[in-house]
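Asker: Chains as they are written, first to last, in UniProt numbering: chain A, 1 to 161; chain B, 1 to 161; chain C, 1 to 161; chain D, 1 to 161.
Glycine included, each C-beta is placed from N, C-alpha and C at the ideal position.
4 protein chains.
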Amino acid sequence: MNLLKKLKIAIFTVILILISNTAFTQITNDISHEDALKVLLAAKKKAEETNVLVNIAVVDAGANLKAFIRMDESFLGSIDVAIKKAKTARYFDIDTGKLGELTQPGGIIYNIEHSNGGLITFPGGYPIKNKNGKIIGAIGVSGGTIDQDRAIAIFGAESII
Amino acid sequence: MNLLKKLKIAIFTVILILISNTAFTQITNDISHEDALKVLLAAKKKAEETNVLVNIAVVDAGANLKAFIRMDESFLGSIDVAIKKAKTARYFDIDTGKLGELTQPGGIIYNIEHSNGGLITFPGGYPIKNKNGKIIGAIGVSGGTIDQDRAIAIFGAESII
Amino acid sequence: MNLLKKLKIAIFTVILILISNTAFTQITNDISHEDALKVLLAAKKKAEETNVLVNIAVVDAGANLKAFIRMDESFLGSIDVAIKKAKTARYFDIDTGKLGELTQPGGIIYNIEHSNGGLITFPGGYPIKNKNGKIIGAIGVSGGTIDQDRAIAIFGAESII
Amino acid sequence: MNLLKKLKIAIFTVILILISNTAFTQITNDISHEDALKVLLAAKKKAEETNVLVNIAVVDAGANLKAFIRMDESFLGSIDVAIKKAKTARYFDIDTGKLGELTQPGGIIYNIEHSNGGLITFPGGYPIKNKNGKIIGAIGVSGGTIDQDRAIAIFGAESII
Chain A
1 MNLLKKLKIA IFTVILILIS NTAFTQITND ISHEDALKVL LAAKKKAEET NVLVNIAVVD
61 AGANLKAFIR MDESFLGSID VAIKKAKTAR YFDIDTGKLG ELTQPGGIIY NIEHSNGGLI
121 TFPGGYPIKN KNGKIIGAIG VSGGTIDQDR AIAIFGAESI I
Chain B
1 MNLLKKLKIA IFTVILILIS NTAFTQITND ISHEDALKVL LAAKKKAEET NVLVNIAVVD
61 AGANLKAFIR MDESFLGSID VAIKKAKTAR YFDIDTGKLG ELTQPGGIIY NIEHSNGGLI
121 TFPGGYPIKN KNGKIIGAIG VSGGTIDQDR AIAIFGAESI I
Chain C
1 MNLLKKLKIA IFTVILILIS NTAFTQITND ISHEDALKVL LAAKKKAEET NVLVNIAVVD
61 AGANLKAFIR MDESFLGSID VAIKKAKTAR YFDIDTGKLG ELTQPGGIIY NIEHSNGGLI
121 TFPGGYPIKN KNGKIIGAIG VSGGTIDQDR AIAIFGAESI I
Chain D
1 MNLLKKLKIA IFTVILILIS NTAFTQITND ISHEDALKVL LAAKKKAEET NVLVNIAVVD
61 AGANLKAFIR MDESFLGSID VAIKKAKTAR YFDIDTGKLG ELTQPGGIIY NIEHSNGGLI
121 TFPGGYPIKN KNGKIIGAIG VSGGTIDQDR AIAIFGAESI I
């Protein structure tokens with residue numbers, strides 16, 4: 001690399017630093033446990049404010065369980081549904097509700113739910129992105145109506161952007 | 001808590017005791033094994049009276065198996081179906097037949113059966129409530145027609161109210 | 001068959017009937033649900049009398065679950081252990097404690113527990129025989145000490161002989 | 001119940017209320033999600049202070065997952081181990097390390113690990129009690145040495161007493 005090119009990069013970097021307050025915040029491609037906890041608690045707060053009893057799961061970039069909470073009196077069956085929604089959302093980097101449109105009878109990926117130890121393909125699973133728009137994990141919410149679950153999931157996912 | 005408040009509560013409690021005969025009857029939020037056995041035998045008697053050969057499972061508030069019986073000559077495949085019906089009914093506090101209406105193709109929770117190690121979402125699973133209307137477990141019946149299974153399940157569940 | 005032979009058989013049968021009160025009681029090679037219930041309740045009564053909290057499972061000749069009860073406050077983990085003890089006892093027609101002696105490191109069937117979806121090879125599983133000494137099922141008891149579990153299982157099994 | 005008996009009970013209740021400040025504090029037999037979160041965060045703080053990377057799981061009285069967190073860079077394989085430790089501790093109401101002493105070759109419950117979908121019987125699982133000493137759930141910790149895991153689990157469990 002010649003001196004001129006190095007200088008250009010240096011100047012560009014300085015400008016970047018000057019216009020951005022977050023320039024020195026490390027942005028990784030995997031959700032940290034602190035952020036997973038933030039997502040979890042933001043979603044929980046939203047659920048409480050809207051009087052919905054839910055289970056909330058957060059998985060990391062590797063689709064492995066990172067954080068989880070089950071609200072008192074929420075459905076027992078929603079533990080597994082919430083975890084599977086989060087995993088499904090990360091397995092295919094998609095809003096689980098969108099995936100469900102493709103898995104209906106006659107759909108292009110009909111019955112894909114049989115793979116990966118069981119998928120959940122209705123709304124409530126949602127990818128989590130970092131500030132750069134890179135998917136770093138996913139959230140799954142189960143216990144309310146599918147619209148409530150999806151809204152809570154999106155609220156949680158967006159709480160760290 | 002100040003003394004006046006304590007006194008008010010005390011007086012209210014006295015009134016409550018005086019007007020109620022059931023004040024000291026213990027009603028818990030989990031089915032006892034004696035009640036589980038009552039539910040089982042009531043359902044079995046109903047099945048025998050109507051000449052239906054069934055498997056009957058009762059789960060507790062935690063969706064754990066509490067009591068079970070398989071009638072002679074009933075389907076071998078109904079052992080697991082009866083247990084899964086009971087668990088499904090408690091997992092989501094619902095008549096399994098009602099759940100099945102929502103899991104059809106195009107339904108809002110299509111293919112939820114893939115969660116929780118396998119759900120059964122046709123009639124025959126039914127929540128069991130205590131005298132206060134609180135769900136304390138569930139019953140699952142399998143072996144007859146879905147209408148017969150459901151009727152036997154409801155008969156069993158209501159035998160302890 | 002000639003007439004003389006027929007006569008001999010007839011006379012032998014008459015004698016058999018005359019000396020036996022149970023000659024016309026049907027004895028099958030599979031436990032009935034009524035007998036399974038008797039075994040269950042006998043074992044439960046024994047457990048209550050000796051203040052042991054147990055789970056009790058009865059399987060039929062096909063090693064399929066026939067009857068089950070979990071006493072209040074007994075271990076949650078004993079549900080599966082009781083069922084597996086009963087199945088193991090019938091799978092190999094043996095007192096599960098005897099089987100365990102052979103499955104130790106260096107034993108002739110070391111780690112057979114890995115088969116059949118998981119076996120339990122310590123005491124508490126016991127074959128159930130009919131009046132003719134034929135094995136017609138098995139009982140599994142879990143929740144007390146292994147000696148208590150075994151004693152309750154044997155008491156239950158012998159209640160229908 | 002006659003009027004005199006009712007009155008006696010009423011008077012006794014009044015006295016009970018007057019002498020006790022905690023008479024109206026609800027203590028249940030199942031861990032709340034707020035307490036589960038407290039246990040989780042106390043254990044996490046302890047792990048961070050002692051530089052141990054762990055997975056922490058909390059299950060409720062029904063041995064169902066209630067809360068979970070996986071610290072960054074902790075073992076992927078510890079997700080399942082932590083959950084199974086918590087479940088095992090509640091399944092048999094025991095320090096998992098104590099259970100492990102009984103499951104060794106020649107032990108009285110050798111190979112019980114094959115039940116309940118897989119148990120973990122080395123240290124790191126520990127029952128959680130409420131202020132009355134009643135077991136209301138359990139915690140499982142995995143990722144450090146067994147001594148570290150156990151110490152963190154106990155610290156978490158005792159944080160809500």
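1. Rounded to a whole number of angstroms, what is the C-alpha to C-alpha distance between D/Thr28 and A/Asp35?
2. Does the separation of the CB atoms of B/Gly107 and B/Ala153 fall below 8 Å?
3. If I follow the unbroken alpha helix (DSSP H) through A/Gln115, where does it start and stop?
4. Run through DSSP, which three-state label would B/Val81 get?
5. Here's the rule I'm using: 16 or more other beta-carbon atoms within 10 Å means buried, otherwise exposed. How should A/His114 be labelled?
6. Mind the definition here: the stretch 71 to 80 of chain C touches the stretch 42 to 53 of chain C only if three or more C-beta pairs lie below 8 Å; say whether that holds.
7. Pick from B/Phe155, B/Gln148, B/Asn132, B/Gly143: whose alpha carbon is nearest that of B/Asp30?
8. Would a C-beta distance cut-off of 8 Å place A/Phe122 and B/Tyr110 closer than the cut-off?
9. What do you get for D/Asn130, buried or exposed, if any count of 16 or more other CB atoms within 10 angstroms of its CB means buried?
10. What residue range is occupied by the uninterrupted alpha helix (DSSP H) comprising C/Val39?
11. Buried or exposed for D/Ser20, going by 16 or more other Cβ atoms inside 10 Å?
12. How many whole angstroms separate the CB atoms of C/Ile139 and C/Val39, which I take to be in contact at a CB cut-off of 8 Å?
13. If we ignore side chains and look at the alpha-carbon of each, how far apart do A/Ala43 and B/Ile94 end up?
14. Report the rounded CA-to-CA distance for B/Phe24 versus D/Ile161, giving the unit in angstroms.
15. Residues of chain B with a CB under 8 Å from the CB of A/Val81: which are they?
16. Compare the C-beta of D/Asn64 against all C-beta atoms of chain B and say whether one is closer than 8 Å.
17. Taking C-beta pairs closer than 7 Å, name the residues in chain B that A/Gly100 reaches, listed in chain order.
18. Please decide whether B/Asp72 counts as near chain C, where near means a Cβ-Cβ distance under 8 Å.
19. Express the C-alpha separation of D/Gly118 and C/Gly117 in angstroms, rounding to a whole number.
20. Rounded to whole angstroms, what is the Cα-Cα separation between A/Lys84 and A/Asn64?
21. Using a Cβ-Cβ distance under 8 Å, would C/Ile160 count as near chain B?
22. Which partner residues of A/Ile128 appear in the DSSP bridge assignment?
23. For C/Phe68, go through chain B and note every residue whose CB falls closer than 7 Å to its CB, in chain order.
24. Can a CB atom of chain D be found closer than 8 Å to the CB of C/Thr96?
25. Should C/Gly62 be labelled buried (16 or more other beta-carbon atoms within 10 Å of its own) or exposed?
26. In whole angstroms, what separates the C-alpha of C/Leu41 from that of D/Pro127?
27. Run through chain D and tell me which residues come within less than 8 Å of A/Ser32, C-beta to C-beta.
28. Which residues does DSSP pair with C/Leu102 in a beta bridge?
29. Using a Cβ-Cβ cut-off of less than 8 Å, give me the residues of the stretch 114 to 140 of chain A that come near chain B, in sequence order.
30. Looking at the strands, I want to know which residues DSSP matches up with D/Ser142.
31. Have a look at C/Ala151, C/Ala157, C/Ala10 and flag the residue whose alpha-carbon is nearest the alpha-carbon of C/Glu49.
32. Is the distance from the Cβ of A/Leu7 to the Cβ of D/Ile69 below 8 Å?
Answerer: Taking the structure as given:
1. Note on geometry: alpha-carbon atoms of D/Thr28 and A/Asp35 lie some 31 Å from one another.
2. no
3. A small fix is needed here, since residue 115 of chain A is Ser in this sequence, not Gln. First-last for A/Ser115: undefined, no H or E at that position.
4. In the structure shown, B/Val81 sits in a helix (DSSP, three-state: H, G or I).
5. A/His114 is exposed by the Cβ-count criterion.
6. Result yes; three or more Cβ-Cβ pairs closer than 8 Å.
7. Across the set B/Phe155, B/Gln148, B/Asn132, B/Gly143, the C-alpha of B/Asn132 shows the shortest separation from the C-alpha of B/Asp30.
8. At the C-beta level, A/Phe122 and B/Tyr110 come within 8 Å of one another.
9. buried
10. 33 to 49
11. In this prediction, D/Ser20 scores a pLDDT of 48, lower than 50, which makes its location untrustworthy; the coordinate-derived value is nonetheless stated afterwards. Flag for D/Ser20 reads exposed.
12. 6 Å
13. Here the alpha carbons of B/Ile94 and A/Ala43 stand approximately 25 Å from one another.
14. With a pLDDT of only 46 at B/Phe24, under 50, the local geometry of the prediction cannot be trusted, and the value read off the model is given with reservation. So the alpha carbons of these two residues sit roughly 29 Å apart.
15. Ile112, Ser115, Asn116
16. With respect to chain B, the C-beta atom of D/Asn64 has a partner C-beta closer than 8 Å.
17. Tyr110
18. yes
19. 11 Å
20. 11 Å
21. no
22. A/Gly137
23. Near C/Phe68 (Cβ distances below 7 Å), the residues of chain B are Leu65, Ala67, Phe68.
24. Cβ-Cβ to chain D under 8 Å: no for C/Thr96.
25. exposed
26. 31 Å
27. Asp72
28. DSSP, once it has assigned bridges, lists no residue as partnering C/Leu102.
29. Going along the stretch 114 to 140 of chain A in chain order, one finds His114, Gly118, Leu119, Ile120, Thr121, Phe122 with a Cβ nearer than 8 Å to chain B.
30. D/Asn55
31. C/Ala151
32. no
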